[in-house]
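Protein chains: 2
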Amino acid sequence: MKIIVDAFGGDNAPAEIIKGAIAATQEREDLQIILTGPSSQIHNCVKMNSLDLGDIEVRDAKSIIPVDVDPFKIRHEYNESSMAIGLKMLAEDEGDAFVSAGSTGAVVVGANLFVKRIKGVRKPAIGTIVPGKKGPVLLMDCGANDNCSPDVLNFFGLMGSIYMEKVMGVENPKVGLANIGVEPNKGTDLQRGAYEVMEKNDKINFMGNCEVRDILFNAADVVIADGFTGNIILKTMEGVAKMLLGSLKDIYLSSAVTKLSYLGVRKGMHGLKNQFDTKKIGGAPLIGINKPVIKAHGSSNAEAMKNAIFQAASYAESGAIDVIRDSIPSKRERISPEANTNES
Amino acid sequence: MKIIVDAFGGDNAPAEIIKGAIAATQEREDLQIILTGPSSQIHNCVKMNSLDLGDIEVRDAKSIIPVDVDPFKIRHEYNESSMAIGLKMLAEDEGDAFVSAGSTGAVVVGANLFVKRIKGVRKPAIGTIVPGKKGPVLLMDCGANDNCSPDVLNFFGLMGSIYMEKVMGVENPKVGLANIGVEPNKGTDLQRGAYEVMEKNDKINFMGNCEVRDILFNAADVVIADGFTGNIILKTMEGVAKMLLGSLKDIYLSSAVTKLSYLGVRKGMHGLKNQFDTKKIGGAPLIGINKPVIKAHGSSNAEAMKNAIFQAASYAESGAIDVIRDSIPSKRERISPEANTNES
Chain A
138 MKIIVDAFGG DNAPAEIIKG AIAATQERED LQIILTGPSS QIHNCVKMNS LDLGDIEVRD
198 AKSIIPVDVD PFKIRHEYNE SSMAIGLKML AEDEGDAFVS AGSTGAVVVG ANLFVKRIKG
258 VRKPAIGTIV PGKKGPVLLM DCGANDNCSP DVLNFFGLMG SIYMEKVMGV ENPKVGLANI
318 GVEPNKGTDL QRGAYEVMEK NDKINFMGNC EVRDILFNAA DVVIADGFTG NIILKTMEGV
378 AKMLLGSLKD IYLSSAVTKL SYLGVRKGMH GLKNQFDTKK IGGAPLIGIN KPVIKAHGSS
438 NAEAMKNAIF QAASYAESGA IDVIRDSIPS KRERISPEAN TNES
Chain B
138 MKIIVDAFGG DNAPAEIIKG AIAATQERED LQIILTGPSS QIHNCVKMNS LDLGDIEVRD
198 AKSIIPVDVD PFKIRHEYNE SSMAIGLKML AEDEGDAFVS AGSTGAVVVG ANLFVKRIKG
258 VRKPAIGTIV PGKKGPVLLM DCGANDNCSP DVLNFFGLMG SIYMEKVMGV ENPKVGLANI
318 GVEPNKGTDL QRGAYEVMEK NDKINFMGNC EVRDILFNAA DVVIADGFTG NIILKTMEGV
378 AKMLLGSLKD IYLSSAVTKL SYLGVRKGMH GLKNQFDTKK IGGAPLIGIN KPVIKAHGSS
438 NAEAMKNAIF QAASYAESGA IDVIRDSIPS KRERISPEAN TNES
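What follows is the structure, given as structure tokens:
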């Protein structure tokens, strides 16, 4: 199992990326890693941090694509960046999966361009695992696409369902449409249209609308939304968790009594904090691309990168992509007959 | 100050509504309340619960509009419901404000129909106060409208800014556009279009995009979104808070040691729980309607209704509606010159 890792994506690159890669190979001896990026910078970083690359390979790349440039620049100006090189290597089977903590937009554009979509997939989706009370929940799309049609959401439902089953081991996952109420007429035209087509899709276990309030209570295993809404849900969750856990910390630090009280519940609190720790969750797969591409959180440290690398390996090992490929109806037998005219 | 209260809106009607009304008049002697609904049922409830209406009046209504019927039925079939009667009384100046915990859709349709919008307002918005770390934040629209144009969002910004200033006492409130990132090109065409017009609106203190992650950190005083997105943000916040606070409770109840630990932090925890308690926050104003209409949370108990009634009084006393009316440009001097052609 060979994982290609962009050593220069993310706020804490390259040191934390390299450390994460090293940790991954130490924990899983079957993993081989190839780091991409300006090799002199990689080797300098290794030296400065007294690290040992071991069997980890380095593939040179001329440049690094910054997080704030137009993502489409990966096509030409940053065609030789650590991210682009990594994606091209994946496309040419020089590895089984690719991981980057760099610009989400650039990963999406680059993956579409270099690795390409599974035949029949119109739009790939970023799937994020969120920590439900009774287990993980897959939320998608978390930002790969601005505009989606009902038919595209239906596709997300199918792909997400397969991912949840094959990679996360959830049998017959419940697929829900993120919405503001359970009745079929709730939401906008997009949700109402998606409800209609998803209801008729016998390849998924469609439960109807999933109230966003109930996502973390595992009302659904897979929650489907357009890219903007999915991203809004995810970031709102992050903000509330950060605020509440921060307020908790303030309460505990406020006096000697409260600090003492913390000792009694330290284990439970630690568990709660871990549950919401994006570092432990690992990265987000770009589902619908021909080969496994994982976008790790921009602020990933070594532990987060290690977990993102493990997730990439799981995705590659699961065979989920082959199942998605086989599940996609040919042009003649579309999931919804009006698909070609419904495209937005 | 006379507040009209729908005694039959909400899950806990009529008992909790009536109790809330009584509590409100006891705390504020200047408040007069008129309850609407089938008077025999109201008087029965008072008797069964050993309550004392005091000076609270009762206006009879023939029916009650259920929460799950088509909201448009308030126009004809439920034209004489407790909600419709209350709104019509407000329209005819028989009170200064109206409060209902009933169907949100019906309140919106009914308010638009009977009380009508402030002249020049195309769409009213439900504004919800959320508990930011450093003080209240106004989020709107939380569900009154499906589809919004950039110009409508701009209007929400203006109305919300005035509400925040006049009713909540925040000087020169920062108005932000709910989004997934701070750069002006983030989000969908709607956010990008709204950013453009709001940036040119010199009647508001527009800060640009407000990352939804930062809403509870008071990045903005007023956060603007279309009705679906606003509702999604609100319900996601409610879900995460409920889940985390519930998990906290589980941690504390798990053993004798943890229960003991709770005593040390009880005050702080209580404060945290209160912060997120929708009962304490009160109801949501429907901003843009000619007179004060407050939608209380569907699950409101007596305390929540009491606070919603106080909020209705504050809204009426503030003069905010007059300021909104005076701030709206005439047809010739639109905030954005393309307004008439941009309408979606």
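Each protein sequence line maps, in turn, to chains A and B. FYI, the numbering for the first sequence is 138 to 481, going by the working numbering. FYI, the numbering for the second sequence is 138 to 481, going by the working numbering. Beta carbons: idealized from backbone N, C-alpha and C, even for Gly. Computed from a predicted structure; not experimentally measured.
- Between M344 (chain A) and A362 (chain A), the gap from beta carbon to beta carbon reaches 8 Å or more.
- The Cβ-Cβ distance between S237 (chain B) and M220 (chain B) falls below 8 Å.
- Residue A:G425 holds the alpha-carbon nearest to the alpha-carbon of A262 (chain A) among A:G425, A:G435, A:K410 and A:P466.
- Taking 8 Å as the upper bound for CB-CB distance, A378 (chain A) and I140 (chain A) are not in contact here, some 29 Å apart.
- According to the DSSP assignment, S298 (chain A) belongs to no beta strand (DSSP E) but to the alpha helix (DSSP H) extending over P287 to K303.
- Residue environment analysis places H407 (chain A) among the exposed positions, since fewer than 16 neighbouring C-beta atoms fall within 10 angstroms of its C-beta.
- Of all residues in the stretch 314 to 331 of chain A, the ones placed with a Cβ closer than 7 Å to any Cβ belonging to chain B are I317, G324 and T325, in chain order.
- The closest CA to that of F447 (chain B), considering only B:Y300, B:V360 and B:E164, is found on B:E164.
- Residues of the stretch 333 to 362 of chain B whose Cβ lies closer than 7 Å to any Cβ of chain A, in chain order: E348, V349, R350, D351, I352, L353 and F354.
- Flagged as an interface residue toward chain B: D283 (chain A), by a C-beta distance shorter than 8 Å.
- Excluding residues up to 5 positions away in sequence, F145, D197, A198, K199, S200, I201 and S219 lie with their Cβ nearer than 8 Å to the Cβ of P175 (chain A) in the same chain.
- At a Cβ-Cβ threshold of 8 Å, I465 (chain B) and I255 (chain B) count as neighbours.
- Among the residues of chain B, those whose CB is under 7 Å from the CB of M374 (chain A) are T373 and V377, following chain order.
- One alpha carbon belongs to Y300 (chain B), the other to F251 (chain A), and they sit about 51 Å apart.
- For the stretch 369 to 455 of chain B, the continuous alpha helix (DSSP H) assignments of 4+ residues that do not extend past its boundaries occur at 393 to 412, 415 to 418 and 439 to 455, in sequence order.
- When the beta-carbon positions are compared, L409 (chain B) and S384 (chain A) come within less than 8 Å of each other.
- The criterion of a C-beta distance shorter than 8 Å is not satisfied by D283 (chain B) and G405 (chain B).
- When DSSP states are grouped into helix, strand and coil, G318 (chain B) belongs to the coil group.
- Using a 10 angstroms sphere on the CB of S436 (chain B), the tally of other CB atoms stays under 16, which defines it as exposed.
- Judged by DSSP in its simplified three-state form, N181 (chain B) adopts helix.
- According to the DSSP assignment, R462 (chain A) belongs to the alpha helix (DSSP H) that extends over A457 to S464.
- Nearest C-alpha to V402 (chain A) among B:G223, B:T395, B:D463 and B:T241: B:T395.
- Remark: C-beta atoms of I370 (chain A) and I369 (chain B) approach each other more closely than 8 Å.
- Boundaries of the beta strand (DSSP E) harbouring A262 (chain B): A262 to G269, taken from the DSSP string.
- Closest in alpha carbon position to A248 (chain A), among A:A281, A:E336, A:I341 and A:E231, is A:A281.
- Nearest Cα to I341 (chain A) within the set A:N291, A:C279 and A:K270: A:N291.
- Collapsing the DSSP output to three states places L172 (chain A) in a strand.
- The continuous beta strand (DSSP E) containing R196 (chain B) extends over residues E194 to D197.
- Taking a 10 Å sphere around the C-beta of L397 (chain A), we find fewer than 16 other C-beta atoms and assign the residue as exposed.
- One finds I317 in chain A with Cβ atoms closer than 7 Å to the Cβ of N368 (chain B), taken in chain order.
- Neighbours of K270 (chain B) in chain A, taken as residues at a C-beta separation under 9 Å, are given in chain order as M380, G383 and S384.
- Three or more Cβ pairs closer than 8 Å define a contact, and the stretch 261 to 277 of chain B falls short of that threshold against the stretch 312 to 329 of chain A.
- No Cβ of chain A is located within less than 8 Å of the beta carbon of S286 (chain B).
- With its beta carbon less than 8 Å from one in chain A, G405 (chain B) belongs to the interface.
- Look at G364 (chain A) here: in three-state DSSP terms it is helix.
- Listed along chain A, the residues sitting closer than 9 Å to L409 (chain B) by beta-carbon distance are L381, S384, L385 and I388.
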